[in-house]
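The structure appears below as structure tokens.
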Ligand SMILES: Nc1ncnc2c1ncn2[C@@H]1O[C@H](COP(=O)(O)OP(=O)(O)OP(=O)(O)O)[C@@H](O)[C@H]1O
Ligand SMILES: Nc1ncnc2c1ncn2[C@@H]1O[C@H](COP(=O)(O)OP(=O)(O)OP(=O)(O)O)[C@@H](O)[C@H]1O
Ligand SMILES: [Mg+2]
Ligand SMILES: [Mg+2]
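Protein chains in written order, with this note's numbering: chain A, 1 to 305; chain B, 306 to 540; chain C, 541 to 890; chain D, 891 to 1264; chain E, 1265 to 1526.
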């Protein structure tokens, strides 16, 4: 019983950090119509900033992390995203692959393959134990941060003029400009906001995902891929469904890894086949609800001819 | 108010507009008609800064706006009802209208401007919280016109505003243009309804093949010979 | 007239590949470089196979490498000498462990299995489009990799399969690449290819014109799968060793990038992209190990280690940012002079 | 005269197709340095029968192993040297051995580097790493010898090597009479370790066998301790190095077996000297793990083999020499090969212990009996 | 009800496209409410009504781009309500879109050719039809231009050419003349008559240009708020006061005959 609860708690913990990442990735998609594969490398850069300043005061270290991520976001926006504004989605996606790969290569050459340990606030990694079930402080914090960030973004996007302009600029920059929207400026602003979220993730991820205590060139890469999958499965067009998609992905991975036995064989009876099980679920969900698991009603209507 | 001189626009190497001169005085309605592919929309886009002219100048109230970005042109007081509506289907009707406010220099009076549009196009009001993509074609066109009007521009450019509108609504729109003009707004109207345009406008330019062919006055509206000439060249 | 002009478009890719084959076989080229030539040709095969689906349908597939993988594993496992199988892959199902086939048969097998796998997967998946399709195909890749990387009854599991006959010489690589290009060309010129390209541009208009998008996509997907499988066979017989990791994410991203760098809209783009990126990669590798004279002279030492990783990524990023339509800007090959004259003619008539 | 002299004294070229940039670089780079240092020493003593040892390097970055091998062959390499992981090394190995070259890996840690994986040609392939059967047995024997009877196994499914060590530990430990009270699995990089931590934490056992490297180490060791579980953890050489040590809670009660201590307290001064020298070349950075130490053994063995073959560098001849090694004394310890096993057995392990982020050499351990799963 | 232009033998139920009691609601909006409309071969039927009356929705339902919430669609006696659009296309049912669609990066000619290929024409035949249709619509000079570079009006003509390329038995045109200069309306009238008389197709024509509708239609069907408001000959419809009030308004009612030069 305690075991089951513990598995569930661990799964929710993983889900919550994925959800936070999904908010960031969902926002980038929302405002850039861009599946930003390089998002993970923004997080990586921030995490390196933290790891390389382990000996500095925590606040300074975090400030540096934000500075690095924001500067990199801005650089990407100016050097890559802006020129690509009118490119096809495939081109943009592959361009972000290339950028991601470039940043990974630079990190690899500069810092080496072996990870560097990140120490932010060790206290947060410690568990509280309630009735034999361990919950780590960072999990609670991640959930709070995810909810706050999500709420703030929702307000920004739906209640403010600049949010409206961001959405319009993302859907059709040319027309938005014809209406007087400073498309480039608002998109840049959105990229910076997504950068802020990336920096937040960079601070939280090393504590929240145990394997990420070490920062290496592929830091956050796997999480980015899984969250991207989750965001699409959940429904990428809406921030809420995207976020829930990320969350679900984490919970699914957590539960499956909790319940698949550690040995066994085909088909999918062993945790070795965890990925297969997860991806099979993804395929099934996509086939049943192509528009997204958490998108209410069929929005096919939107595609009226 | 709006002056275009020697305008040339090319797509690739092919000129779509050649050596075009036209001017619209403050509070005037000027029509622009011509066959498909004549370069009418291209001209409007050039004024908006959405395409880059290869020659010529565009002046707004005396100062050149050539080379300015569209958002700057809008903020200088020009608004466009674009061809093909170009509304944001994923946003709600009201959000679409609010986008039209982006070019306003002052936020005062935005609410009233919205109200006036709602009054002009009741359908838009009824469906203000729906996704704009779900509107019928003509309803979307009304929205596109309304979106330009809420900005209360000094200069209003309309690219075939009557497209897809039911006859009663066309009446409404043309009536509204007169009313707006009365407030001193300058209007450049691209249309396919040649008769009505010529009758309504202070002056109507006829374009074909990228060039200005002739200028018609309101009196020519009933003159079918002149109108035929306008389209098929003088024979 | 247009038809004949159209078939000229095939000349470019075929010549480029034949040239690569011929240059690769001359005495000027050392075995290491020859190996890179073969690698480039096989890359062309993989990228063109990918292009058959992605280029024509406009749907991104992140899963095509699973068909390469199936082809590679089939061709690899089935050509390891029977005598060695009990030591090298002891876990295989008996019927796999006790039989082996020759080079050509293994390539055919690779193509058939790749095509079948794509067909089966495609039947449900081709209903999807956009990102959902992209992610679903990616999930297929994930499952394929996970199974190939672990299931020792059908392959080496997490180990590297070795002692695969290295039968992909320059001739086989060249012929293979040209064959894939020719099939891709024939497909794209066929009605099926044209219908699919139209539906890529506008699904609604395509459906109104009687085009069954699902079916057209499915055929393209299966064909692309078969070509991918074949390319996988070529790949494994070039490498001589095979690990599931070799046909997973890195290859997926690399081949997609090659396609987009060349220009996703044209066959010529697929060929150019694969050749350009391969050439750069080989060049930087040699420059790093001090094999390129002028680089050594220029820097006074070989290029620093890792500049290849950074260089290739940078090249891809820069091309995509400045030429979003790729090096060929989505156009097919035209003989340069002919092309210009025709363009002029078009303008004056307009 | 000049020509024939230089011909006669042609250097013996070792072609090193290794990764100095990507994921294997932390292992390959120091190993390469160790080989180069040893070669320099041999050359300073006049080489092998007057022939210098020359190490040519091609950095394949885990992508162009085969091209690298071909390039090196073309440069005249007669001995092949490859990356420290057999899965990554395979393409280069195969290229070298197909040309009849003796092919050596400084630190592949399985018995796969040899005929077992590469067929008859594989007789030319050898590694200087200890084979997993030996290493896992050392772990199991040491644990059992400490009086630990109840073990938990946590298996990392990322690499075949980790899986092997876990399976072999189980085999040897149960053979000795110990019991496995729990088995958990995870895969590095797949965000599944938290689950393993939670499941292992409440278990009462004497020892946890946890063969892995990389990103699983810190969270598992740190996570268990944070949950108040203080059971000793034992790892293979993959768990060497201090790069992953979390600060809070610090690493404690953590054991591993390795080739030599990188902390300057190895009982063999040759090892400590090697660590210092490699550190110096490595821009002052201590290598991440002790896995490079067999690099020196590689040269020791190669020299002996060439001498035994009367100066021949033909693969077959040298392989025959190496297969005869029984307790051959090299820098880090004694090396034994056989016709079928081309990985090292019989070398004494350093059992290391880490407490409060302090690593300490504890004792040598020599495997008494190889582990075997079937 | 007069059906002057439809010969008797073409009027049997099997030779028609028929929507029977079709309803379609969207989240509370009744876009169509029990509409019945029959289109025979060799006739042009006008479908008019205020903006949002449900005209496009009806076309969508009849061509399979939308499913009715109630009612059925029959093609030449076969129930096709659940057929996919492409299947209907192959059965000879064509449409144009109110908001232009085109195969953007293909040339204008290829656009038309592909449409013919879609319904199974051989490449040679497709080429012939394309040449013919571009000529008919007067956009042959744009044949080699990419579809995306067309001016709006030319795009509309391409839309019609593509629909006709499948050699339809029935073609539903959603405001095909929107964007045509007034002066070209007579040409378009000739196109419609060719389609009707020479190809023997049934044409459903949606347009807000009363001059065009009154001139070319054999029958007119008026929709308002999803219901049939009136049905009958052009004159009968023009005389209908409800129609005037709901749709035509003052000026159109008066001036609709003041058409372009012809
Ligand atoms: N993006 C483009 N690329 C190339 N040529 C273009 C492009 N846009 C328009 N053209 C060409 O420029 C010419 C003028 O087009 P424009 O859209 O200005 O015509 P128009 O007068 O508005 O026609 P319509 O009445 O049909 O709207 C046309 O020949 C058209 O084909
Ligand atoms: N997919 C949809 N989802 C929701 N509402 C829709 C949808 N399609 C149409 N509607 C609504 O149904 C009504 C009828 O729309 P339709 O497009 O059929 O009108 P129409 O007669 O073609 O008008 P117009 O002359 O303006 O083109 C409108 O109120 C429209 O908003
Ligand atoms: Mg126009
Ligand atoms: Mg409509």
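All C-beta atoms in this analysis are idealised placements derived from N, C-alpha and C, irrespective of residue type, glycine included.
| Item | Value |
| --- | --- |
| Going along the chain, which residues of its own chain have a beta-carbon closer than 8 Å to the beta-carbon of residue 380 of chain B, five neighbours each way excluded? | 408 and 410 |
| Which one of D/1066, D/1151 and D/1019 has the shortest CA to CA distance from residue 1038 of chain D? | D/1066 |
| Please tell me whether residue 306 of chain B has its Cβ less than 8 Å away from any Cβ of chain A. | no |
| Count the other C-beta atoms from every protein chain shown that fall within 10 angstroms of the C-beta of residue 316 of chain B, then say buried if there are 16 or more, exposed otherwise. | exposed |
| Taking the straight line between their C-alpha atoms, what separation do you get for residue 801 of chain C and residue 794 of chain C? | 10 Å |
| Would you say the beta carbon of residue 1418 of chain E comes nearer than 7 Å to a heavy atom of ligand 1? | yes |
| Return the CA-CA distance between residue 425 of chain B and residue 178 of chain A, expressed in angstroms with no decimal places. | 23 Å |
| In this structure, what does DSSP give as the bridge partners for residue 948 of chain D? | D/907 |
| Starting from the C-beta of residue 454 of chain B, find all residues in its chain whose C-beta is less than 6 Å away, skip the five residues before and the five after it, and write them out in chain order. | 422 |
| Nearest by alpha-carbon distance to residue 717 of chain C: which of C/548, C/554 and C/653 is it? | C/554 |
| Using a Cβ-Cβ distance cut-off of 8 Å, determine whether residue 135 of chain A contacts chain D. | no |
| In whole angstroms, give me the CA-to-CA distance for residue 1274 of chain D and residue 50 of chain A. | Since the first residue shown for chain D is 891 and the last is 1264, residue 1274 of chain D is missing from the structure and cannot be characterised. |
| Mind checking which residues open and close the alpha helix (DSSP H) that includes residue 62 of chain A? | 58–76 |
| Cα-Cα, which of D/1231, D/1130 and D/1141 is closest to residue 1122 of chain D? | D/1141 |
| Shorter than 8 Å from the beta carbon of residue 627 of chain C to some beta carbon of chain D? | yes |
| Residue ranges of each beta strand (DSSP E) run of no fewer than 3 residues wholly in the region 468–504 of chain B, ordered along the chain? | 491–495 |
| Assign residue 1283 of chain E to one of three DSSP states: helix, strand, or coil. | strand |
| Is the CB-CB distance between residue 1468 of chain E and residue 1370 of chain E below 8 Å? | no |
| For the region 172–196 of chain A, enumerate the residues whose C-beta is nearer than 8 Å to any C-beta of chain B, in chain order. | 172, 174, 175, 176, 177, 178, 179, 180, 181, 182 and 183 |
| Looking at residue 340 of chain B: is its Cβ nearer than 8 Å to the Cβ of residue 513 of chain B? | yes |
| Here's a check: name, in chain order, each residue in its chain whose Cβ is nearer than 6 Å to the Cβ of residue 346 of chain B, leaving out the five neighbours to either side. | 388 and 464 |
| Starting from residue 1255 of chain D, follow its DSSP beta bridges and name the residues at the other end. | D/1239 |
| According to DSSP, simplified to helix, strand and coil, what is residue 1224 of chain D? | strand |
| With distances taken from CA atoms, which of B/391, B/397 and B/376 is nearest residue 434 of chain B? | B/397 |
| My understanding is that residue 870 of chain C touches residue 765 of chain C, with C-beta atoms under 8 Å, so please give their C-beta distance in whole angstroms. | Not quite, the Cβ-Cβ distance comes to about 24 Å (not below 8 Å), so this is no contact. |
| Determine whether the Cβ of residue 1134 of chain D lies closer than 8 Å to any Cβ atom of chain A. | yes |
| Measuring CA to CA, which of C/866, C/874 and C/873 is closest to residue 90 of chain A? | C/866 |
| Buried or exposed for residue 1005 of chain D, going by 16 or more other Cβ atoms inside 10 Å? | buried |
| Run through DSSP, which three-state label would residue 1149 of chain D get? | coil |
| Exposed or buried, what is residue 883 of chain C when buried is set at 16 or more other beta-carbons lying within 10 Å of its beta-carbon? | Only weak support exists for where residue 883 of chain C lies, its pLDDT of 41 falling under 50; the value from the coordinates is given anyway. Under this definition residue 883 of chain C is an exposed residue. |
| Along the region 774–791 of chain C, what residues have a CB closer than 7 Å to any CB found in chain D? | 779, 780, 781 and 783 |
| Let me confirm a value: residue 1245 of chain D is counted as buried when at least 16 other C-beta atoms fall within 10 Å, else exposed. Which label applies? | exposed |
| Have a look at C/781, C/707, C/662 and C/777 and flag the residue whose alpha-carbon is nearest the alpha-carbon of residue 901 of chain C. | In the structure displayed, chain C extends from 541 to 890; residue 901 of chain C sits before or after that span and is not available. |
| When you measure from the CB of residue 1290 of chain E to every non-hydrogen atom of ligand 2, does any distance come out below 7 Å? | yes |
| For residue 1195 of chain D, which residues from the same chain have a beta carbon less than 7 Å from its beta carbon, with the 5 sequence-adjacent residues on both sides left out? | 1208, 1211 and 1212 |
| Go through its chain and collect everything with a Cβ distance to residue 759 of chain C's Cβ below 7 Å, but skip five positions before and after it. | 732 |
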